[in-house]
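Heads up: the sequence shown is residues 1 to 311, going by UniProt numbering.
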Amino acid sequence: MLNSNLLRKLDMQDLMVFVAVYEQSSVTDVSEALFVSQSTVSYCLKKLRTSFEDDLFVNTRTGMRPTYKASSMYGHVQKILESINLCHAGTPTFDPMAQPVTFNICAPEYFEQLILPRMLKRFDFDDLPVMVNMHKFETDVPVEELRDGSLDLVICFGPHFHRSHADLKSRMLLEDDLVCVFDKRATPLEPRLSLQAFTERRHVFPTPWTSTTNMVDGWLARQAQKRQIVARSNSYSAALKMITGTDFILTLPRRIQRLLTNDAVFNHCEAPNGLPGFTLDMQWSHNVDQDSANLWLREQVIKTCAELEAA
């Protein structure tokens, strides 16, 4: 906001006149340089003097001499004009065709299975020299790597699974829920498992990240219940192999279940009432919020998620 209502009456031409008079010390020279009349220059000076409550320039035999206040203002006014020019020029647009580029993304397997393959197919179809390095999501959001630029994006689950940070920006990409998957020969008859049936079965648990807690066990604890886990796997595919030929249960995101399970081998039913769903979120550093390459990458992720929602 402006400190004085008088400043509202100024426009860009007034500031240009200020800089020109400071540099050239002559109303005549300023008039010719800016292609305006001398009366216009004089009018601008009058507005400037009124707005800043100072003479700003004193007419002497050697030309217009700046006052102390004008001298202190000069650098600031220059920066204002430079900033306006930058706004007009806009941010340089990232061109993925210009040269090979590598992006570093930290994400759980969910992203690698569901979203990354679609993105890569689009890059390949468009013949873009884009490479994506995936980093495994560990215990929490790698904040320092986002801050120092070694990671471009972090994809994580939400809401509220990880600590928030004031200097990180976030966007929800999509929503999903959980379903219960079985070997086809061990599928229960009911279309939705009861809480009792859910806890009586032995579970294989695919670990999306290194953590002592997870959404399923956290929810069970709030119901004063717990489940028996017979194995923890590093991937959804490995977990599916572990339940083959057994009566084990595997709780999977619905989108992953649709993507990876073979109907000839596996069946599924709805999870117990109340088991919460989740979101997939994208986080990036405030430092690269307006970076054109990072912005382009985020747009590709958002576009791919929108395609999934529409499918």
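Ideal placement from N, C-alpha and C gives every residue a C-beta, glycine not left out.
- DSSP places lysine 169 in the uninterrupted beta strand (DSSP E) bounded by 168–176.
- Note on glutamate 109: 16 or more other CB atoms within 10 angstroms of its CB, so buried under the neighbour-count rule.
- With a minimum length of 4 residues, the unbroken runs of alpha helix (DSSP H) contained wholly in the UniProt domain "HTH lysR-type" (10–67) fall at 12–24, 27–34, 38–52.
- Using a Cβ-Cβ distance cut-off of 8 angstroms, the region 158–173 and the region 186–205 are not in contact, since fewer than three pairs of beta carbons, one from each stretch, lie closer than that value.
- Aspartate 247 and threonine 199 have their alpha carbons spaced roughly 13 angstroms apart.
- With fewer than 16 other Cβ atoms from the protein chains shown falling within 10 Å of its own Cβ, asparagine 3 counts as exposed.
- Taking 8 angstroms as the upper bound for CB-CB distance, methionine 131 and isoleucine 105 are not in contact here, some 11 angstroms apart.
- Residue pairing by DSSP puts threonine 251 in a beta bridge opposite Cys180.
- Put simply, the region 138–147 touches the region 271–291. At least three CB pairs are less than 8 angstroms apart.
- Taken through DSSP and simplified to helix, strand or coil, lysine 136 comes out as strand.
- If you compare the alpha carbons of Ser26, Asn85, Glu175, Cys87 with that of threonine 62, the shortest gap goes to Ser26.
- In this chain, the alpha helix (DSSP H) harbouring glutamate 200 covers 195–200.
- When the alpha-carbon of alanine 166 is set against those of Ala231, Arg147, Val17, the nearest one is in Arg147.
- Taking the C-beta atoms as reference points, serine 233 is found no nearer than 8 angstroms to phenylalanine 94.
- In the DSSP annotation of this structure, alanine 306 is not part of any beta strand (DSSP E); the continuous alpha helix (DSSP H) holding it starts and ends at 292–310.
- Between the alpha carbons of glutamate 23 and tyrosine 74 lies a gap of roughly 9 angstroms.
- If you ignore the 5 residues before and after valine 21, its C-beta comes within less than 6 angstroms of the C-beta of Val30, Phe57, Met64, all in its own chain and listed in chain order.
- Listed in chain order, the alpha helix (DSSP H) elements of length 4 or more contained wholly in the region 216–273 are 236–243, 254–260.
- Here DSSP, grouped into helix, strand and coil, assigns glutamine 283 to strand.
- Between alanine 239 and proline 191, the CB-CB gap reaches or exceeds 8 angstroms.
- The beta carbon of lysine 241 lies closer than 7 angstroms to none in the same chain, with the five residues before and after it left out.
- Judged by DSSP in its simplified three-state form, isoleucine 80 adopts helix.
- Selection Phe123, Met12, Ser71, His203 evaluated against threonine 244 yields His203 as nearest (Cα-Cα).
- Annotation for valine 143: no beta strand (DSSP E) segment contains it, though the alpha helix (DSSP H) segment containing it runs 143–148.
- When the beta-carbon positions are compared, phenylalanine 18 and valine 101 stay at least 8 angstroms from each other.
- In the DSSP assignment, leucine 7 falls outside any alpha helix (DSSP H) and carries neither an H nor an E.
- For leucine 116, the uninterrupted alpha helix (DSSP H) segment begins and ends at 116–125.
- DSSP, read as helix, strand or coil, puts arginine 185 in helix.
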